[in-house]
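Here the working numbering is used: the first residue of the sequence shown is 41, the next is one more, and so on.
Note that the Cβ used here is the ideal one computed from N, Cα and C, for glycine as well.
Remember, predicted model here, so these are calculated numbers, not experimental data.
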Amino acid sequence: MLKGIETPQRILVSNSAGPQALACLEAFCEGQWHLKPETLGAKAAQCDVTNSYADPQSLGSDRWLAMIAARQLCKGPLAVIDCGTAITCDALSAEGVFLGGVISAGPETAAQALLSKAAHLDLDE
Numbered sequence: 041m042l043k044g045i046e047t048p049q050r051i052l053v054s055n056s057a058g059p060q061a062l063a064c065l066e067a068f069c070e071g072q073w074h075l076k077p078e079t080l081g082a083k084a085a086q087c088d089v090t091n092s093y094a095d096p097q098s099l100g101s102d103r104w105l106a107m108i109a110a111r112q113l114c115k116g117p118l119a120v121i122d123c124g125t126a127i128t129c130d131a132l133s134a135e136g137v138f139l140g141g142v143i144s145a146g147p148e149t150a151a152q153a154l155l156s157k158a159a160h161l162d163l164d165e
């Protein structure tokens, strides 16, 4: 299926789509490269970032990995904003402590939700 692509040494996965999507991805990777993907998740501390959640694993792996990547680029206080299906904004202190964040529906998701609850609206206007 992916001809011409070198076999990876490892496959690392951040999964926010649930167990069914992960099972499909695992089957694909094992069929394509004979490798089982490694699922990454939030931890109490990793790569100079400290997770302040009481239950560190309850933080989405996508948000956690974005903060780790941002911390490698900036050692000062920072905000990480991601726009997609959801919009997230997370804050890190200068010491690398996750201070908290917010998550809301992305534009398309919000519009779909609004239309499903208020069908008389015409968002094309």
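DSSP places I121 within a strand segment (E or B) once states are collapsed to three. Within the stretch 63-140, the complete alpha helix (DSSP H) runs of at least 4 residues fall at 101-113.
Each residue's CA atom was taken as its position, placing Q112 and C87 some 8 Å apart. 8 Å or more divides the Cβ of P48 from the Cβ of L65. A Cβ-Cβ distance of about 19 Å is found for the pair L139 and S101, leaving them out of contact under the 8 Å criterion.
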